[in-house]
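If you read the sequence shown in the UniProt record's numbering, its first letter stands for residue 1, the second for the next number, and so on.
Where a beta carbon is used, it is the ideal one built from N, C-alpha and C, also for glycine.
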Amino acid sequence: MGLLSSCFGIIGFTLGIPIGLLVGFFLFVYSETKHVKDPVVRPISELGPHALEELLPEIPLWVKTPEFERVYDDGGVTVLLILYVLQIDWLNKFLSDMWPYLDTAICKIIRSTAQPIFAEYIGKYQIKAIEFDKLSLGTLPPTICGMKVVETNEKELVMEQVIKWAGNPNIVLSLYVSSLKITVQLVDVQVFAAPRITLRPLVPTFPCFANIVVSLLEKPHVDFGMRVSGGDIMSIPGIYRFVQDTIKKQVANLYLWPRTLEIPILDESMVVMKKPVGILHVNVVRAQKLLKMDLLGTSDPYVKLSLTGDKLPAKKTTVKRKNLNPVWNEKFKIVVKDPQSQVLQLQVYDWDKVGAHDKLGMQLVPLKVLKPYENKEFTLDLLKDTNLNETPNKKPRGKIVVDLTFVPFKEDSSKFGGPSEGYSRKESGIDVVSDDEVQEGAGLLSIVIIEAEEVEGEHHNNPFAVLTFRGEKKRTKMMKKTRHPRWNEEFQFMLEEPPQHEKIHIEVLSRRKNLSFLSKQERLGHVEINLRDVVHNARINDKYNLINSKNGVMHVEIRWKVV
C-alpha cells in the first residue's frame, strides 16, 4: 500500500507541474487586464511641510551649499591635502586636551537644563523623583573629520564640519516610582553629524561676533544602547528602529537646516552697528532776542543741527543778515538710529566773514520725549553750553523755536506702536512686489560701499570710490597701496519717492598720495546698479564686476526704507 501511494505521488507531481504551467500560461495570455487608474497629480505647493519631508527627507546639497571646492592639478591637491590634514589634526589635538574640562562644563549644563524638565513629571504617574546617579561623557572626545569655511556677502563667518563621536559615556538616570527604583543607563554612544556653525553679525567688539547660529546639514545618525534595570531594551525587535527614527525626526524638526539654534553672545546694546529706524522732521521756525555780537549792535545768525552718535555732517540753516529776531521756517530730515538715547543738538552761531564764527547759544532735545508721528513745538532758552549748573542770573541769550516730528520707518513702526493717521502705509504682505504694488512716498536710500577686489592701476594703487546719484557725488576715503581696498562707508539719500527707475554710478579711481594735485587720476573701473531690485526687495547685498577692469569686483549693500 505504501509503495502504491508513493507511485501515485510521483506520477501526480510529474504531471501536475507541466499541467499547472500550461494552465497558468493560457490564463496570463488570454485573461483581460483590469483597468488601471491614472495617478493623482498634485502641485508641490499644495503639499504640507510633513508631506514634503516624506518626499524630500534631505535638502539637496546644492541648496545647502551653493558653492563647491575646486579641483586643481595633482601637485596642488597634494599640498592642499597636507595642509588640510594638519589643520584638522591640530583641532582634534586641541579638542582632546580640552575634553576633560568640556566634559565637566557640558554635564553641568545638562543637569541645569534637565532639572526643570524632571520637575514637571514629579507627582505624575506616581513618580516621586528623577535624578542622575552618574553623569559623564567619558574619556573619548568627538573627532572632527572635516571642516569647510563658506564665503558669503554678509557680515558673518560660516563653518561646516563633519563630526564623529564613538564615546564611552557613563550616564545613569534613576526614576523613583512608588516604592520601586528604575535605573536607565545609556551605553556605547555613536554619533555622526554635519553641523553648520555661523558667527554673525561680525562686530568691532570682542569676541567680534554677536550670535552663534547652529544648524544641521543632514539628519544625524545616533546609535546607542539602553539598559533598564540591567536589561537591554534595544534588543527587543522593533524598538531599535523606532528609537532611531524618533530621534532623527525630533532632531530634524528642531535643528535641520533651515531651522537653527541661535545662541546670543553679546548684548544688543553692545553691538555698535545700529541701523536707521526712522526720520526726524525738524522745522527751525525762528529765534528771538539773540545776543549782539557785531560792532553795529546786530548779529548774522544761523543754526546747526545734528544728532549725537551720528558721524554725518551737521545740517545748517541760511544766514540771516543783521537780525536779532530771525525767522527761518526751514525744514530738515535727519536719520534716527536710536530714539531712546540720541539727542538733537541745536547750536546758534553768528556768521563772520573773517575768523571763527561766534557761538550765540545752544540747546539739547532728547528724542525720547517725542511720541511717534506726533508733531511737537519747543520754545527753548539758549544756553552757553550743556553745563546744567549754570547760574540762572547769567546774561540771557535768547530763545529758539523748533517743530519736531519723529516718523519711524514702515518696517519698524510696530516697535513704536504702529503708524498714526496721515502716516499709514498699506501692507503688501509679500517681500517681492510688482511695479503696481510699490509703495509710494518718501524714504531713505542707504548705500554702503564695502570693498573692492583686484583693482590695479598702471602707476599707483591708492584706490578710492566716487558715488554719483542724481548729480550728487560722494567719495570714500583713499586706501594707500592696496589692490583690495575695504572702505565700509555708508552714504544716505532722503528721497520723496521710490527710485525704481533710477541708477547709481560707482567708479573706482586712484591717484598719488603726495602731490595729488599734480598727478593724473587713474580710472580702475566702474559699475552702474539699477535700483529697481532694491525698491522691490528692500535690500540687496551683492558683488559686481567692474567695467573697464580686468578682474575688478565691487561689493555694495543697498537698502531702501519707506516712512
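V335 burial status per 10 Å Cβ neighbour count (16 or more: buried)
V335 sits buried, since 16 or more C-beta atoms from the chains shown fall within 10 Å of its C-beta.
Do you know offhand how far K480's Cα is from P463's?
7 Å
One or two residues paired with H357 in a DSSP bridge:
Paired residues: none, contrary to the question.
Taking the CB atoms as reference points, tell me whether V563 and G443 lie closer together than 8 Å.
Taking 8 Å as the Cβ cut-off, V563 and G443 qualify as a contacting pair.
So what's V203 in DSSP terms, helix, strand or just coil?
coil
Among residues of its own chain, excluding the 5 on either side of N488, which ones have a beta-carbon nearer than 6 Å to its beta-carbon?
Once the five neighbours on either side are set aside, the close Cβ partners of N488 are I450.
Among M478, R470, T205, S112, nearest to M494 - alpha-carbon criterion:
With distances taken between Cα atoms, M494 lies closest to R470.
DSSP state of I109 mapped onto helix, strand, coil:
helix
Between G297, N551, K292, K275, which lies nearest to Q492 when the distance is taken from Cα to Cα?
K275
Out of curiosity, what's the CA-to-CA distance linking G238 and Q244?
Put simply, the backbone Cα of G238 is about 10 Å away from that of Q244.
H526 - partner residues in DSSP beta bridges:
E507, I547
In the DSSP assignment, what residue or residues form a beta bridge with K331?
N283
Pairwise C-alpha distance: E154 and P204
15 Å
Contacts around R475, its chain only, beta-carbon distance under 8 Å, and the 5 residues preceding and following it disregarded
F464, A465, V466, L467
For P499, which option in N530, L524, S510, E522 has the closest C-alpha, if you only look at C-alpha atoms?
It is N530.
Give the single residue among Y121, E156, I197, I110 whose Cα lies nearest to the Cα of M147.
I197
Does the contact criterion of 3 or more C-beta pairs under 8 Å hold for the region 354-373 versus the region 315-334?
The region 315-334 and the region 354-373 do not touch, with fewer than three beta-carbon pairs separated by less than 8 Å.
Alpha carbon to alpha carbon, how far is K124 from S174?
16 Å
Count the other C-beta atoms from every protein chain shown that fall within 10 angstroms of the C-beta of G116, then say buried if there are 16 or more, exposed otherwise.
Reading off the sequence, residue 116 comes out as Pro, not Gly. By the 10 Å Cβ count, P116 comes out exposed.
According to DSSP, is L102 helix, strand or coil?
helix
For G361, collect the residues of the same chain with a Cβ closer than 7 Å to its Cβ; drop the 5 residues on either side in sequence, then sort them by chain order.
Closer than 7 Å at Cβ, skipping near neighbours: V348, L382, L383, K384, R397, G398.
Going by DSSP in three states, I19 sits in which element: helix, strand or coil?
helix
Using only the alpha-carbon positions, how far apart do V303 and A314 sit?
Rounded to whole angstroms, V303 to A314 spans 10 Å at the Cα level.
Could you give the DSSP three-state label for K376: helix, strand or coil?
strand
Would a C-beta distance cut-off of 8 Å place L305 and S299 closer than the cut-off?
no
Mind checking S179: buried by the 16 CB within 10 Å criterion, or exposed?
Exposed is the call here.
Give the secondary structure of M478 by DSSP, where H, G and I count as helix, E and B as strand, and everything else as coil.
coil
Nearest candidate by alpha-carbon position, reference D223, set D188, Q250, F206:
D188
N- and C-terminal bounds of the beta strand (DSSP E) containing H555
For H555, the enclosing beta strand (DSSP E) covers residues 553-562.
Alpha carbon to alpha carbon, how far is W165 from V228?
23 Å
Span of the beta strand (DSSP E) around L370:
From DSSP, L370 is part of no beta strand (DSSP E); its letter is neither H nor E.
Cα-Cα separation, K181 to M226
16 Å
Looking at the structure shown, is V158 part of a helix, part of a strand, or coil, going by DSSP?
Strand, per DSSP.
Taking all protein chains shown into account, do 16 or more other C-beta atoms lie within 10 angstroms of the C-beta of R511, making it buried, or fewer, making it exposed?
buried
Quick one: grab the DSSP three-state call for H536.
helix
Using a Cβ-Cβ cutoff of less than 8 Å, which residues in the same chain neighbour I163 once the five nearest sequence positions on both sides are dropped?
Taken in chain order, the residues that qualify are P142, T143, I144, C145, V191, F192, A193, A194, P195.
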